[in-house]
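Just so you know, the sequence shown maps onto residues -29 to -1, 1 to 994 in mature numbering (1 follows the signal peptide of the UniProt record, and there is no 0).
Contents: one structure, followed by commentary.
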Amino acid sequence: MVNCKPKFIRLTSLLLFLWMGGSALLTNAQTQINVSGTVTDENGTVLSDVNIGVVGGATLTKSTEAGTFTLVAPANGQLVFSRVGYARQTHQTGGSSVAGLIITLAAEQETLEEVVVVGYGTRDKNLFAGSAVSLNAEDLNRSSISVGNMLQGRAAGVQVSQNNGTPGAGLSIRIRGTNSINADSEPLYVIDGFPASEGIGMTIKPEDIETITILKDAASTSIYGARGANGVVLVTTKKGTDKKSNLNVNSSVGYQRVIDRYDLMGSYDFALRRNRMSEANGELPPYSAGRLDSLQSGILGTDWQNEVFQVGRVNDHSLSFIGGTNKTGVYTSFDYLGQEGVVVHSKYKRIGARINVDHHVSEQFTLSGRVFGNYGIQNDLPLAPSTINGFLKQVLSANPASTFDSGVPPRLDAQNPLHFVEAEDRENTSYRTNGYFSMKYEPIRDLFLQADFGADLNRTEQFYFAPSTVPNASATKGRGSIVSFDSKELIFNPTARYNRTFDKHNIGLLAGYNYQTYLYFEYGTNATNFASDNLGYNNLGTAQNFTSYSARNRTNRASWFGRVDYDYDARYSLTATYRIDGSSVFGKSNKLGYFPSVAAAWNVKNESFAEDLTWLSQAKLRASYGLTGNDRISPGISLATYASNNSTKYTEDGLTTVNGIAVTRLSNQNLKWESTKALDIGVDIGFVNDRIVVIADYYDKYTDNLLLDRNIAPSTGFLFRTGNAGAVSNKGWEFALQTVNVRNDHFEWNTSINYSNNRNRVRELGSNNADIYVGSVKPDGAANFEDPFIIRVGESIGSINGYLYDGILLPDDPALTTTHPNAQAGDPKYVDANGDGILNTEDRVVLGTGVPTSFFGMTNSLGYKGFNLTVVLQGQAGGKLVNVQSLDMMDPLSTGNVLASTEAETWTPDNPNGTLPQRGFYGTSHGGWVNSRFVESSDYLRVKNVTLAYQVPSSLLSKIRVAQLQLYVNAQNLHTWTSYTGLDPEIGNLVSNDQQNRNVGRGLDFNAYPLAKMYIFGLRLTF
């Protein structure tokens, strides 16, 4: 494998030089003509130092300070004009000399709509045969906090979900469905050509972005091999220009508040309910008549939602500079984001800086550098859904008949939910630095040799301390921990690109090598029994009990790749890609993966029979097929692991304890790649000079060799071993419509609509196709843990598994003596789904999927003179949510607070029309709390983003020496239409952070941090 690389590169270089040498001889034999003229930009300004040469040949001359040029060129050939910051322009020469030629070069940023950014280059949009979505600076919402927020509702086939509203929290992005059960399903981010590790999307400042391109089909993503299996998000940041330098200021302030609140019992009604419950149990009522009077008058009592939900402030400021000379371009920026959450004591701060430099050492040699640094601090809350006493649960169930007291020190009174955040100290810090360096050399015309070097350094630290004055740490005399996660990724990526045009043929060749090494190190210390609470986690050495751990792993990847692009007469185009990936995570027999792809397009509009169809501005048919792999799994999963624990301790003399080690996981050297075969068929149609553009795609993806835990013989001493034993399919279609509704001198109205539908199915789960249960959650009050999710052949990943609720058991119901023999009247009734006359776990059925099957967006942009209004609608359909939060707050037996409607809806002999069981869903011995009564539709349509901006006329700014000034107001999550009864249908909480639950365990609303409405007021200044 190692020996093939230099031979391949030498052979490729030799062929290219021979081709170019032969072409030069042919060129010299042609008739020569004289050509002279002037080069300008779109505004008519003359351009100097423009490189002028023959396509496929050497540079012949440069334009003068006056923009003029004179040269001798081949007759009936093509001249090429190029300059830094401008798109390359070609001109066809005739058979005789010509004078007074005017060549106009367009600025690069103004031609981005004509090309598609692809892996390791660009492709003419009309010739691109793959499936991609491109968004430029004008399309993107600059009031967003992250890349994911910018994409939500903007791109067909791209599902962006916000799992919770915690400040600084990430988002879930899926491109054309979920391809795996246990492997990472997030897309690959490529920043300025460099693949980046996980989490980069939250660190990039939206103001720094020039374009975003999302590659969706296998033919487009296979050039990135295994890392591109889930789609690729290409982010191009801004770069310097030799135009007039600009200093840009973007400053905004705003606030956010919770979208909705629960209608809970007030303090007086709560006290009456508790008195009735006590009297029914033969106990004295806890609230006296005098206390009730004080509660009714409002003298006593606390609205806990008012105490914990707040109006959070948002500050977002950035400063950037763009400029340069005719040889060097510089872009640099500094930014600050401060965001208070809608829940007290939650906040996020981020400080970042970036510098992009491009320097043309000579006409043939260019150096580029990108350096980015980011520092973030997040104060979060204990909100894990597997936490029985999570913070939000404590808030909603807190006794409203008590009086709020925020005195210090925090009391041990569990009635005050604020003790979780007032006393406990939780802080997460993150440091991220990216550095990329690139060298590009053009030894002969249109042959580009490039070497890229990159490093991505990331550290996250988690600090936690609970003093002895809070209930969950009083027994241990305080509890503290420090955990650190360090990752380092190094990249080396040399490539060679060649483009050749002859007659009506265009060909592009790409060959490259990629080496990446990823090092991960994690260590942590947990401490209890502190001598004092004063130092907290600042000095864990004051504790008497310690436990420490560490983990370290390395992943190496080595890849060879190549691509051929060919088109004929701008009508037919073909792209073929091949990549060989080597990954250290697999067994020694399967470390290499082979990923080919092919794509073809037919530009129907350029056919002779379509020339007279003036109403048709573009028409292109596309098709692609390719194979991609996925190695984004736990490193070393093919190896055996060993550990020392209590079960490995033994004694030789019956007195002295000796620590031993034991195998905890069996090795499997036959582990191989998860691989996805993907077909894409698409069409692009434009009408009336592209006033109406329709883009539609159908795709069919099949992923096999899924990595699953397979049952093995008990005689091995283990129950299972990881192996390749499953398959998943994703089929769907996408539709995008772009229209220019009105365009005149004063008013413009544009609309963009996208709709996507994806059908995900589990096809195989090993030899016996046994179901896999996922989750294990136990709400406070429930008797047992239950698995809300199931992986089953024929169903979708993320399927919800539970009982079919059939109403209330009435006193004369026959089920009391058959399927529900241990129940009583007023208990919940469930369907005996398998009809065996016994109600047990075998009667659980699939109640829906936590992953929506359809998602959509609509953007309207209206401009009138200096005003611009942009409205983004976004939504989803076909998904379900287990509303555990409502289930928990409608428990008739709860001694905590409940929904105001709980008593009126509870069935009793005196209230036979009630729809809630008398003992709720926790107080019975049959069925389970995961049932269809609380599985609700997560469909919604949301006004996601509204921005009103005003561009102050330049005539008013000239006196204060300001080039541009824009004032804007922005609102996010303004309104939502939904039937969901919880706080927000977009919340799909993850039951834990392991990869399987991130893919499968979506669709659980329990202890989720609520989303917020946000209002922003800002200005953009350019000097």
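Cβ coordinates follow ideal geometry from the N, Cα and C atoms, glycine included.
If you're wondering where the values come from, they're calculated on a predicted model, not measured in any experiment.
Checklist line | Which residues DSSP lists as bridging residue 45, in chain order | finding: 3
Note to self: If I measure Cβ to Cβ from residue 863 and keep anything under 6 angstroms in the same chain, skipping five residues before and after, which residues do I get?
What the structure shows: 877 and 891
Next item on the list: Answer with buried or exposed for residue 133, where buried requires no fewer than 16 other C-beta atoms within 10 angstroms of its C-beta.
Entry: buried
Next item on the list: Report yes if the CB atom of residue 463 is closer than 8 angstroms to the CB atom of residue 424, and no otherwise.
Entry: yes
Next item on the list: Look at residue 238 and residue 372 and say whether their C-beta atoms are less than 8 angstroms apart.
Entry: Contact flag set, yes.
Item checked: Candidates 514, 549 and 525: closest to residue 531 by CA position -> When only C-alpha atoms are compared, the closest one is 549.
Next item on the list: Work out the CA separation of residue 774 and residue 755 for me, nearest whole Å.
Entry: 15 angstroms
Margin query: Is the separation between the beta-carbon of residue 915 and that of residue 130 shorter than 8 angstroms?
Written below: no
Notebook entry, point to check: Taking just the CA atoms, how far does residue 903 sit from residue 813?
Noted result: 16 angstroms
Check: In this structure, does DSSP put residue 311 in helix, strand or coil?
Finding: Looking at residue 311 - three-state DSSP - the assignment turns out to be strand.
Next item on the list: Could you please give the first and the last residue of the uninterrupted beta strand (DSSP E) stretch that includes residue 531?
Entry: 514 to 539
Notebook entry, point to check: Contact between the region 230 to 247 and the region 364 to 371: three or more CB pairs below 8 angstroms?
Noted result: yes
Check: In three-state terms, what does DSSP make of residue 978?
Finding: coil
Check: Where does residue 931 land, buried or exposed, given buried means 16+ other C-beta within 10 angstroms?
Finding: exposed
Margin query: Is the separation between the beta-carbon of residue 694 and that of residue 639 shorter than 8 angstroms?
Written below: yes
Next item on the list: Check each candidate in 33, 160, 110 and 200 and name the one with the smallest Cα separation from residue 675.
Entry: Ranking 33, 160, 110 and 200 by CA distance to the CA of residue 675 puts 200 first.
Margin query: Can you tell me whether residue 944 is buried or exposed? The criterion is at least 16 other CB atoms within 10 Å of its CB, across all chains shown.
Written below: buried
Checklist line | Rounded separation between residue 951 and residue 460 - CA only | finding: 43 angstroms
Checklist line | Simplified DSSP assignment, three categories, for residue 52 | finding: strand
Next item on the list: Output yes if chain B places a C-beta closer than 8 angstroms to the C-beta of residue 643; else output no.
Entry: Any reference to chain B falls outside this structure, which holds one protein chain only.
Note to self: Mapping the DSSP letters down to three states, classify residue 251 as helix, strand or coil.
What the structure shows: helix
Item checked: Segments of 3+ residues assigned as beta strand (DSSP E) that fall wholly inside the region 393 to 481 -> 396 to 415, 418 to 437 and 450 to 473
Check: What number of angstroms, rounded off, separates the C-alpha of residue 794 from the C-alpha of residue 896?
Finding: 7 angstroms
Check: Do the CB positions of residue 19 and residue 34 come within less than 8 angstroms of each other?
Finding: Yes, Cβ-Cβ distance for residue 19 and residue 34 is below 8 angstroms.
Next item on the list: Measure the C-alpha to C-alpha separation of residue 736 and residue 745 and round it to an integer number of angstroms.
Entry: 14 angstroms
Next item on the list: Rounded to whole angstroms, what's the CA-CA distance from residue 954 to residue 326? Just pull it up for me.
Entry: Straight across, the Cα-Cα distance linking residue 954 with residue 326 is about 42 angstroms.
Checklist line | residue 985: first and last residue of the uninterrupted beta strand (DSSP E) it sits in | finding: Element bounds for residue 985: 983 to 993.
Next item on the list: Please go through the region 96 to 146 and give each complete alpha helix (DSSP H) segment of 4 or more residues, from N-terminal end onward.
Entry: 118 to 122
Notebook entry, point to check: Skipping 5 residues on each side, what residues in its chain have a beta carbon closer than 6 angstroms to that of residue 840?
Noted result: Cβ within range, chain order: 833 and 919.
Margin query: Is the separation between the beta-carbon of residue 152 and that of residue 185 shorter than 8 angstroms?
Written below: no
Checklist line | alpha helix (DSSP H) runs contained entirely in the region 209 to 272, provided each spans 4 or more residues | finding: Within the region 209 to 272, the complete alpha helix (DSSP H) runs of at least 4 residues are 238 to 251 and 260 to 268.
Margin query: Could you tell me the alpha carbon to alpha carbon distance between residue 869 and residue 316, rounded to whole angstroms?
Written below: 25 angstroms
Checklist line | Residues that residue 1044 bridges to, as DSSP identifies them | finding: No answer is possible for residue 1044: it lies beyond the span of the chain, which begins at -29 and ends at 994.
Margin query: Our contact map puts residue 611 next to residue 595 with C-beta atoms below 8 angstroms; I'd like the distance itself, whole angstroms only.
Written below: Not quite, the Cβ-Cβ distance comes to about 41 angstroms (not below 8 angstroms), so this is no contact.
Next item on the list: Whole angstroms is fine: what's the gap from residue 972's alpha carbon to residue 157's?
Entry: One alpha carbon belongs to residue 972, the other to residue 157, and they sit about 15 angstroms apart.
Checklist line | Residue environment, residue 411, which counts as buried when at least 16 other CB atoms sit within 10 Å | finding: buried
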